[in-house]
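Residue numbers for the sequence shown follow the UniProt record's numbering, beginning at 1 and rising by one.
Notes to accompany the following structure.
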Amino acid sequence: MKRNIYKTAAGAVLMALSMAMTSFGAGQAAREAEDTAAKGPGIAAPAPVGNPVENGEIIPGNLGVAGEADQMVVVVGTGGCNADVSYYRKDENGAWQLAWKEAGIVGRGGITDEKREGDGKTPEGTYRFTMPFGLKDDPGAKLPYHKVRQGDFWVDDSQSAHYNRLVNTSETAKDWNSAENLATAYTVYNYALALSYNEECVPGQGSAIFLHCFTANPDNGSAGCIRLPEERAKELVMSATEQTRIIIARDLEHLR
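The following block contains the structure:
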């Protein structure tokens, strides 16, 4: 009898230990998943609080970042390199309002969730605006504005130590074979905003993702940037803050 009691007690202890280890492993896996999401190329946005699209219309208050953002730029692909770009602001009561909606241009290869260097695609996801810049003088940006000068390059060579970074050749020794010469971009970069895509500068994951001015009409697509009329790009340069978010989706179905 005692032997059976001891066996039962030992079995209960082993079962409790097994359940505890399983729980610990699940919790650790969840934490690792959260860490991975937070370190990815975009912002790990909270889940939408409701359906972000109803009857083909965007419900801005239901987007995942609506609770933390002060303004939202929503880019939704409409086929090929075309997209609808909607700009939302909060009114005096804190309710989201559509300020304007504009036909925009994205990458010549469309929008993707697997962006790679040189693929001609715009990265899907949620991002911050890290730096307004331009060939023209500061129009009154809230974020620190960078006036483009001779020698400014944005490096897109994955082998460079300066990959996906703005450098100036008067201060930085060249170690790249490919980079975008911002000073010769003329009207394209009259006004622009850099996105927080691939801030970790992971080689090959994509670089120089901006929101900037149209190039020509018709426009056959960018290398991955978002293009708007100059007056719209200027307005966003002036209004963007650290809390402003840009949400990019290949279509309404993928909007989060």
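Every residue, glycine too, gets a C-beta built ideally from N, C-alpha and C.
Just so it is clear, the structure is predicted and the values come from calculations on it, not from any experiment.
Indicate the three-state DSSP secondary structure (helix, strand or coil) for residue i in the structure shown.
i, result
"P218", "coil"
"T241", "coil"
"G79", "strand"
"G104", "strand"
"Y87", "strand"
"A33", "For A33, the predicted model reports a pLDDT of 40, less than 50, meaning its position is unreliable; a value from the coordinates is still stated below. Correct three-state label for A33: helix."
"R227", "strand"
"V74", "strand"
"V49", "coil"
"A189", "Ala is not the amino acid found at residue 189; the sequence shown has Tyr there. Correct three-state label for Y189: helix."
"E253", "helix"
"L236", "helix"
"A183", "helix"
"G94", "coil"
"P203", "coil"
"G125", "strand"
"F24", "Note that F24 scores 40 on pLDDT, short of 50, meaning its location in the model is unreliable and no value can be drawn from it."
Go ahead and label residue i buried or exposed: buried means 16 or more other beta carbons lie within 10 angstroms of its beta carbon, across all protein chains shown.
i, result
"A223", "buried"
"V65", "buried"
"M21", "Confidence in M21 is poor, its pLDDT being 43 and thus under 50, which makes the residue's placement unreliable; the coordinate value appears in the next sentence. So M21 counts as exposed."
"W100", "exposed"
"V74", "buried"
"K63", "First, the amino acid is wrong: residue 63 is Leu here, not Lys. So L63 counts as buried."
"V49", "exposed"
"Q71", "buried"
"Y186", "exposed"
"D91", "exposed"
"P52", "buried"
"L98", "exposed"
"N93", "exposed"
"N198", "buried"
"G110", "buried"
"G107", "buried"
"G77", "buried"
"N217", "exposed"
Give the C-beta separation of residue i and residue j to the nearest angstrom, bearing in mind that I take them to be a contact with Cβ-Cβ under 8 Å.
i, j, result
"D175", "S160", "5 Å"
"T215", "V188", "5 Å"
"S178", "D156", "5 Å"
"G120", "G42", "Between G42 and G120 the Cβ distance is about 19 Å, and since that is not below 8 Å, they are no contact."
"A233", "L211", "7 Å"
"G61", "W96", "5 Å"
"A240", "L143", "6 Å"
"residue 278", "S86", "Shown here, the chain extends from 1 to 256; a query on residue 278 therefore has no answer."
>> I'd like to know if the segment 181-195 and the segment 128-135 are in contact, where contact means that at least 3 CB-CB pairs between them fall below 8 Å.
In response: yes
>> Suppose only complete runs of 3+ residues qualify. What are the beta strand (DSSP E) ranges in the segment 129-180, listed by chain order?
In response: 152-155 and 166-168
> Can at least three beta-carbon pairs, one atom from the segment 236-247 and one from the segment 108-128, be found at a separation below 8 Å?
Replying inline: The segment 236-247 makes contact with the segment 108-128; the number of CB pairs closer than 8 Å reaches 3 or more.
> Should the segment 101-118 be called in touch with the segment 201-221, which here means at least 3 C-beta pairs below 8 Å?
Replying inline: Yes, they touch.
>> Three or more C-beta pairs under 8 Å: does that hold for the segment 176-183 against the segment 145-159?
In response: Between the segment 176-183 and the segment 145-159, the count of Cβ pairs shorter than 8 Å is three or higher; the stretches touch.
> Would you call the segment 81-93 and the segment 103-110 in contact, with 3 or more CB pairs under 8 Å?
Replying inline: yes
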